[in-house]
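What follows is a set of notes on a single structure, which appears directly below.
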Amino acid sequence: MAREHTLRRVRLDEIGARRASFDDRETAEKARAIMEAVRLGGEAALAGYAAALDGNAGRLWYGPDDFSAALDGMPAAERRALEAAADRIRAFARAQLSSLSALSMPVPGGMAGHDIVPIERVGCYAPGGRFPLPSSVLMTAVPARVAGVADLAVACPRPSAAILAACALAGADRLLAAGGAQAIAAFAYGAGPLSPRDLVVGPGNRYVAAAKLLAQAVIKTDAPAGPSELLILADDSADPTALAWDLLAQAEHDPDALACLATGSERLARDVEDALSRALGELKAAAPGNADNAERALASSWLYLARAEDAPAAGGRGAGGLGATAAPGELSMVERALAEAADRFCPEHLELALAAPDRLRPLLRHAGALFLGADSAEAFGDYGAGPNHALPTAGRSRSSGGLSVFDFVRIRTWLRLDELDGLAPLAADSATLARLEGLEAHARSAEARAGGRRASDA
Numbered sequence: 004m005a006r007e008h009t010l011r012r013v014r015l016d017e018i019g020a021r022r023a024s025f026d027d028r029e030t031a032e033k034a035r036a037i038m039e040a041v042r043l044g045g046e047a048a049l050a051g052y053a054a055a056l057d058g059n060a061g062r063l064w065y066g067p068d069d070f071s072a073a074l075d076g077m078p079a080a081e082r083r084a085l086e087a088a089a090d091r092i093r094a095f096a097r098a099q100l101s102s103l104s105a106l107s108m109p110v111p112g113g114m115a116g117h118d119i120v121p122i123e124r125v126g127c128y129a130p131g132g133r134f135p136l137p138s139s140v141l142m143t144a145v146p147a148r149v150a151g152v153a154d155l156a157v158a159c160p161r162p163s164a165a166i167l168a169a170c171a172l173a174g175a176d177r178l179l180a181a182g183g184a185q186a187i188a189a190f191a192y193g194a195g196p197l198s199p200r201d202l203v204v205g206p207g208n209r210y211v212a213a214a215k216l217l218a219q220a221v222i223k224t225d226a227p228a229g230p231s232e233l234l235i236l237a238d239d240s241a242d243p244t245a246l247a248w249d250l251l252a253q254a255e256h257d258p259d260a261l262a263c264l265a266t267g268s269e270r271l272a273r274d275v276e277d278a279l280s281r282a283l284g285e286l287k288a289a290a291p292g293n294a295d296n297a298e299r300a301l302a303s304s305w306l307y308l309a310r311a312e313d314a315p316a317a318g319g320r321g322a323g324g325l326g327a328t329a330a331p332g333e334l335s336m337v338e339r340a341l342a343e344a345a346d347r348f349c350p351e352h353l354e355l356a357l358a359a360p361d362r363l364r365p366l367l368r369h370a371g372a373l374f375l376g377a378d379s380a381e382a383f384g385d386y387g388a389g390p391n392h393a394l395p396t397a398g399r400s401r402s403s404g405g406l407s408v409f410d411f412v413r414i415r416t417w418l419r420l421d422e423l424d425g426l427a428p429l430a431a432d433s434a435t436l437a438r439l440e441g442l443e444a445h446a447r448s449a450e451a452r453a454g455g456r457r458a459s460d461a
């Protein structure tokens, strides 16, 4: 069968992190205007935007009774799947949280340490556009509750019964039936019964992302998310049909998604393109709208055929860099070229459909999440294997990781200095540094504790 759906071939020097889709003046200005209107107009302004932009001219607020009723009304198979996903996400979040611990250590004159403190008020955004995503409610709200968040709100522009049921399983306190910048504004400034949040998380469209950037002036947010990104690194051990469906699984999300393949095998590249043609035909029959999204996304996606001469020079990049040797045995030049392509792209999702994925793993520095081995499909990550599916896009994996229970806690340090005889060296150093910076009162504050006696004892 002729290949009807070929991927655009690119050179290594053409690969780079994509530009954020929300990083444009028009989007930022529209988001800013909506944010300011809701800040000044409160619930009335929020309701106006919900009607005009979300198509919701009715009810804005839902609570635990609504969530329980939706859960009770779900078909049994769907409820079991949601409950199982929530349980796996919760177990992973608990295991992550257990890796953190309070700290206490001696310092001159006493002790110092830190406590693990949950954030009090959190807002979780769940998309409700082409595809309402109850999985996003679970991925954001379940780790928040595990962390100990006391006040948990969800926003979704068009909450389906499945969204409300997911709120029940996650333990949400309320849901706001609004989306876009207006929902982020309500989270940031408060509106009606909703108090301002301390943290806002969750994926959304470009207006959500732009609003989250603006909201950072008053609250904390996670990394704004753009259209989905997948890069598959594959060798001849991979199943071309499985890879084709993996690519389509990302491409069906959004016409702006990127679903890309990098391999050192021309044969595998051809076989995947043949499989794409067949799989896309099946998708058109089963879900025509999804197939349309996928075709448009694949038109801007790419295929990189790695060559030995593309491999960067070994050495000079530190532990875990391309100069490292990964067991077992020395990496080939093609493997190094594949790793270089992945680090240039900084993809949201990075699948290693390789016979020995752990060989390449130490070299991969910039990806939102890794999926190791041909059977570790990214789709399993989307639907609650355990790790979170809210991941950085548009190159932000260079500086941030995916959402996790760690985002919902603070590391608060403490200092207890009550061993006055041991304070002298610390007091002397503090006074010297204070005067170096021209802060005399700081110096005298330190000296008031020097010599093992308080100023009041002098």
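At position 201 of the sequence shown the residue is numbered 204 (my numbering), and the sequence of numbers has no breaks.
In this text, a Cβ means the ideal position worked out from N, Cα and C, and glycines have one as well.
Separation of residue j from residue i, as counted between CA atoms
i       : j       : result
Gly-398 : Glu-17  : 15 Å
Trp-64  : Arg-35  : 24 Å
Ala-79  : Glu-86  : 10 Å
Ala-84  : Leu-357 : 30 Å
Asp-361 : Cys-349 : 18 Å
Ala-228 : Glu-450 : 50 Å
Ala-98  : Pro-121 : 16 Å
Arg-299 : Ala-47  : 38 Å
Leu-439 : Asp-432 : 11 Å
Arg-364 : His-445 : 49 Å
Leu-2   : Asp-154 : For the chain, the structure presents residues 4 to 461; residue 2 sits outside this window and is missing.
Ser-448 : Ala-20  : 50 Å
Ala-173 : Glu-422 : 46 Å
Leu-38  : Pro-196 : It should be pointed out that residue 38 corresponds to Met in this sequence rather than to Leu. Spanning the two alpha carbons is a distance of roughly 18 Å.
Gly-266 : Leu-10  : It is worth fixing the name first, because residue 266 is Thr in this sequence and not Gly. So the alpha carbons of these two residues sit roughly 13 Å apart.
Asp-3   : Leu-366 : With the chain running from 4 to 461 in the structure shown, residue 3 is simply not present.
Ala-147 : Asp-346 : 30 Å
His-142 : Leu-373 : Note on residue identity: the sequence assigns Met, not His, to residue 142. C-alpha separation (whole angstroms): 17 Å.
Leu-251 : Ala-168 : 28 Å
Asp-90  : Val-145 : 9 Å
Cys-263 : Asp-410 : 29 Å
Leu-436 : Gly-112 : 18 Å
Arg-452 : Leu-418 : 15 Å
Residue i burial status per 10 Å Cβ neighbour count (16 or more: buried)
i       : result
Ser-528 : The structure shown does not extend to residue 528, since the chain is modelled only from 4 to 461, so the question has no answer here.
Thr-396 : buried
Gly-321 : Low confidence applies to Gly-321: its pLDDT is 40, below 50, so where it sits in the model is not reliable, and the reading given next is rough at best. Exposed.
Arg-93  : buried
Met-108 : exposed
Thr-416 : exposed
Glu-443 : exposed
Pro-390 : buried
Gly-405 : buried
Pro-331 : Residue placement at Pro-331 is flagged as unreliable, the pLDDT there being 42, under the threshold of 50; a coordinate-derived value is accordingly withheld.
Arg-12  : exposed
Ile-235 : buried
Thr-30  : buried
Leu-15  : buried
Gly-371 : buried
Arg-22  : exposed
Pro-130 : buried
Arg-428 : Reading off the sequence shown, one finds Pro at residue 428, where the question assumed Arg. Pro-428 should be labelled exposed.
For residue i, the first and last residue of its enclosing beta strand (DSSP E)
i       : result
His-445 : No beta strand (DSSP E) contains His-445, which is instead part of the alpha helix (DSSP H) from 443–450.
Glu-462 : Absent from the model: residue 462. The displayed extent of the chain is 4 to 461, so no value can be given.
Tyr-192 : No beta strand (DSSP E) holds Tyr-192; the alpha helix (DSSP H) holding it covers 183–192.
Pro-137 : Segment 137–150 is the alpha helix (DSSP H) holding Pro-137; no beta strand (DSSP E) there.
Ala-356 : 352–356
Phe-462 : This structure cannot speak to residue 462, because the chain is shown only from 4 to 461.
Pro-109 : 106–110
Pro-121 : 113–121
Leu-420 : 412–420
Residue interval of the alpha helix (DSSP H) (run including residue i)
i       : result
Asp-295 : 291–303
Asp-176 : It is not in any alpha helix (DSSP H) - Asp-176 carries neither H nor E in the DSSP assignment.
Pro-360 : 360–363
Leu-436 : 427–439
Ala-342 : 336–348
Residue i beta carbon near the ligand HEM (any heavy atom closer than 6 Å)
i       : result
Gly-376 : In the structure on display, the ligand HEM does not appear, and there are no ligands present to speak of.
- Should the stretch 156–166 be called in touch with the stretch 129–147, which here means at least 3 C-beta pairs below 8 Å? yes
- Item | Complete runs of the alpha helix (DSSP H) confined to the stretch 206–250 [at least 4 residues] | 209–218
- Query: Just checking, does the stretch 235–254 make contact with the stretch 212–222 on the three C-beta pairs under 8 Å criterion?
  - Reply: no
- Query: Do the stretch 174–186 and the stretch 49–60 meet, that is, are 3 or more Cβ pairs less than 8 Å apart?
  - Reply: yes
- Looking at C-beta atoms only, is the number of pairs between the stretch 291–304 and the stretch 268–276 that lie closer than 8 Å three or more? no
- Task: Evaluate the contact criterion for the stretch 40–52 versus the stretch 185–194: three or more CB pairs, one atom per stretch, below 8 Å.
- Result: yes
- Message: Under 8 Å: do the stretch 287–297 and the stretch 249–262 share three or more Cβ pairs, one atom per stretch?
- Response: yes
- Counting Cβ pairs closer than 8 Å, one from the stretch 364–382 and one from the stretch 234–245, do we hit at least three? yes
- Task: Run through the stretch 9–73 for me and flag every whole alpha helix (DSSP H) of 4 or more residues, listed as ranges in chain order.
- Result: 28–57
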